[in-house]
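For the sequence shown, the numbering used here gives the first residue as 402, with consecutive numbering after it. In this text, a Cβ means the ideal position worked out from N, Cα and C, and glycines have one as well. All values derive from a computational prediction rather than experimental measurement. Here's the structure, in structure tokens; my notes come after.
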Amino acid sequence: MRSPLLSTCLLGTLALGLTACSTGTAPDAGSAADVGADASDTATGGHGAVAGAEELAEPRLGLTTVDPSGTVTHLDPLDEGVVELGSVGAPTAVATDGRYLFAETPRGLEVVDSGVWTWDHVDHFHYYRADPRLLGTLEGDGKATVATTNLSTSGSTGVHFAGSGDAVLLDTEALSRGELRERFRLDGEPGAGLVVPVGSYALVTEGRGDETTLVGHTADGNETGLREACPDASGTITTRVGAVVGCADGALLATVADDELVVERIPYPEGVALSSGGTTPPATAFDNREGRPTVAALAGSAGVWLLDTRARAWTLLPAPTPLVSVTAVDDADQRLLALAQDGRVLVLDGATGQVVAETGPLVADSLAAGRTPTLIADQQRAYLSAPVEERLYEIDPADGARIARSFETATEPAFVAETGR
């Protein structure tokens, strides 16, 4: 089925720049729920609620896209309706936590609230819908690296600006009220870096290359005394268990225990030759079905890294063909989804790496033009953006990688996020 995305459909009630909603009771920043749902904050009763938001019986998942000019649109797959949410500057990158979109533009880091989110309470979930809006611009110089948690109404969001070296920790609970509020902004050296939120704490990179260290900070910016070596730190993701940071020699897993920041080292398996230019490069970017404990990363052309954060263990799988991206579905069948360099979406066996289903070359033109599609996994479906082909694909991985639906877009979907999760 094909549905046109009507970029001219602008609903006044969804216009960006609406008066900010006030918050209801929400978990305090630093609750264990912000680290991972295995240690959820069961003592608080907020469950992600925000005053003025509607609680839903089911998640209202959507596809929020940003085109090359900065126009933001939202597709609701349930009724296939589309609304234009407004515009940001021309984006060069977009990150998301499943509710907010953080768009890197010439103005800085512009934040869009999609207005839909899920609160993970371990044994059950709460789903909400509110008015979407533009939240403003976080000023910063150079490439912005964003690190989020799994909750969008509490805790913090980390941002590192490579041009200035500024390390910024945003108050995520304030974002849910429509406010951009910095918990801290620390000076640093220009260059790549990370600010990783972990409960009421944050890990901030210091140094470069082999000398990179992760330094623990409280939410107000004070050092905790924790310092852990993490050579060539690159890539971070939050799972149900904790926050992962990739290092040249493995990964660090950060959690909060007894109100203290704790970091565990998960080394790569013995006998695997690791080299930035070798046959088995380390993981530098992670992806998964949001919140699940297992994450996936490319191991260069050699294969796929899987990191099980519950078992604190790595697995290296062979790649069946050169890959562009990979994500862990982490379901009962241990499936992985991968985008091949020829434009096919592959469903891989998470135990062997073998292909169990595949699509045709859906995004060959995009890849040939140097436009990298976005591949997203959720519990029921997968979504693939096709920038040059100007469409979005909905794929059923459990049914032979069947194309369930195809949505035509009015403009190029340069960046896509699944929101409401």
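Is the distance from the Cβ of Ala649 to the Cβ of Pro670 below 8 Å? Pairing Ala649 with Pro670 gives a Cβ-Cβ distance that is not under 8 Å.
Short check: CB of Leu489 to CB of Val467, under 8 Å? Here residue 489 turns out to be Val, not Leu, going by the sequence shown. The criterion of a C-beta distance shorter than 8 Å is satisfied by Val489 and Val467.
For His561, count neighbouring Cβ atoms within 10 angstroms of its own Cβ and tell me buried if that reaches 16, exposed if not. By the neighbour-count criterion, in which 16 or more other beta carbons inside 10 Å mark a residue as buried, His561 falls on the buried side.
Among Pro694, Thr695, Pro682 and Asp709, nearest to Pro719 - alpha-carbon criterion: For Pro719, the nearest C-alpha among the options comes from Pro682.
Inter-residue Cα distance where the pair is Leu462 and Leu476: Cα to Cα, the separation comes out at about 9 Å.
What does the Cβ neighbour count give for Arg584, buried or exposed, with the cut at 16 atoms within 10 Å? Buried: at least 16 other Cβ atoms inside 10 Å.
Nearest neighbour of Arg550, chosen from Leu587, Gly704, Thr812 and Val597 [CA to CA]: The residue you asked about is not Arg; residue 550 is Thr in the sequence shown. Nearest C-alpha to Thr550: Val597.
Please state the DSSP three-state secondary structure of Ser767. Three-state result, Ser767: helix.
Going by DSSP, which residues form a beta bridge with Cys648? For Cys648, which the question treats as bridged, DSSP gives the partners Gly651.
Should Glu813 and Pro492 be called a contact, given that it needs their Cβ atoms to be closer than 8 Å? No; because the gap between Cβ atoms is not below 8 Å, this pair is not in contact.
Using 10 angstroms around the beta-carbon of Gly744, count the other beta-carbons present and answer buried if the total reaches 16, otherwise exposed. Label assigned to Gly744: buried.
What first and last residue would you give for the alpha helix (DSSP H) that runs through Thr573? For Thr573, the uninterrupted alpha helix (DSSP H) segment begins and ends at Thr573 to Leu576.
For Gln755 and Val746, what's the separation of their Cα atoms in angstroms? About 13 Å.
Thr606 - containing beta strand (DSSP E), residue span: For Thr606, the enclosing beta strand (DSSP E) starts and ends at Tyr602 to Glu607.
Any idea if Leu737 is buried or exposed, counting beta-carbon neighbours within 10 angstroms, 16 or more meaning buried? Buried, by the Cβ-count rule.
Taking 8 Å as the cut-off, does the segment 765–784 touch the segment 796–810 (at least 3 CB pairs, one atom from each stretch)? Because the criterion of three Cβ pairs below 8 Å is met, the segment 796–810 and the segment 765–784 touch.
Can you give the beta carbon distance from Asp731 to Asn689, rounded, assuming they're within the 8 Å contact cut? That pair is a contact at about 6 Å.
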